[in-house]
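Contents: one structure, followed by commentary.
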Amino acid sequence: MDNRPIVAVVARPNVAKSTLYNKFAGKRKSIVEDTPGVTRDRIFTEVEWLNKYFTLIDTGGIEPENDDIILTQMRNQAMLAMDMAHVIVFVVDGKSGITSADREVGLMLRKTKKPVILAVNKIDNMNLVDNIYDFYELGFGEPHPISSANAMGLGDLLDEIVENFPAGLNTEYNEDIIRVAITGKPNAGKSSI
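Position 74, counted from 1, in the sequence shown is what numbering that gives the first Met the number 0 calls 73; the numbers after and before it change by one each time, with no gaps.
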């Protein structure tokens, strides 16, 4: 059995979480659009950083206080990813500042009792770096300023992720991992499998 570290990327909608995921994946695996709710299921990929391998999970944007059935299912998928993860990357939007949804997602993350790394995204130039200080309020330690669109700060973020892996996990390359794709028509129940 593969005992590889698992990292979940979670956030409220539209903070460019899937753009970050794609940068880490090295290819466009997750659809990126300015419309909330594009990513609905968990999306998995393998990532290597400094000869350490881990599984990365992208999730749909979490809308904590919404009873819409699709948004509830997206939240449940994100919660499954958080349960599976050894480390969680919480992505927030440095341009818009802290929102009530960020606070709600933060409360959900605290309940996991897992290492949470706070990534303040959309810090596209040095003039925006001071925007990160407000995010200390969320209580997840030092915020990491990044720009997923411009690949700024991603090395430092990956360093922090790898440093937070629990001891005893296998971070070596495993060519024996079996990869499976499930395809089918829309609404055929692929995600339920």
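Cβ coordinates follow ideal geometry from the N, Cα and C atoms, glycine included. As the structure is a prediction and not an experimental result, all values here were calculated from the model.
When the options are compared against residue i, the one with the closest alpha-carbon
i: residue 62; options: 55, 47, 73; result: 73
i: residue 11; options: 92, 156, 124; result: 92
i: residue 164; options: 123, 86, 125, 184; result: 86
i: residue 77; options: 97, 56, 18, 66; result: 56
i: residue 84; options: 101, 45, 113, 187; result: 113
i: residue 42; options: 81, 50, 148, 94; result: 81
i: residue 60; options: 66, 14, 79, 102; result: 14
i: residue 48; options: 158, 22, 152; result: 158
i: residue 46; options: 147, 146, 171; result: 171
i: residue 2; options: 64, 17, 169; result: 169
i: residue 147; options: 167, 124, 166, 133; result: 124
Residue burial classification, residue i (beta-carbon count within 10 angstroms, cutoff 16)
i: residue 182; result: exposed
i: residue 110; result: exposed
i: residue 135; result: exposed
i: residue 89; result: buried
i: residue 25; result: exposed
i: residue 4; result: buried
i: residue 29; result: Its pLDDT being 49, under 50, residue 29 is placed unreliably by the model, and the measurement read from it follows with that caveat. Buried, by the Cβ-count rule.
i: residue 185; result: exposed
Element boundaries [beta strand (DSSP E), containing residue i]
i: residue 128; result: No beta strand (DSSP E) holds residue 128; DSSP gives it neither H nor E.
i: residue 51; result: 51-57
Test item: CB-CB of residue i and residue j under 9 Å
i: residue 161; j: residue 144; result: no
i: residue 152; j: residue 117; result: no
i: residue 131; j: residue 119; result: yes
i: residue 156; j: residue 102; result: no
i: residue 58; j: residue 44; result: no
i: residue 133; j: residue 96; result: yes
Range of the contiguous alpha helix (DSSP H) that encloses residue i
i: residue 153; result: 153-162
i: residue 110; result: 99-111
Anticipated Cβ contact below 8 Å, residue i with residue j, distance rounded
i: residue 20; j: residue 8; result: 5 Å
i: residue 94; j: residue 51; result: Contact doesn't hold; Cβ gap of about 31 Å is too wide.
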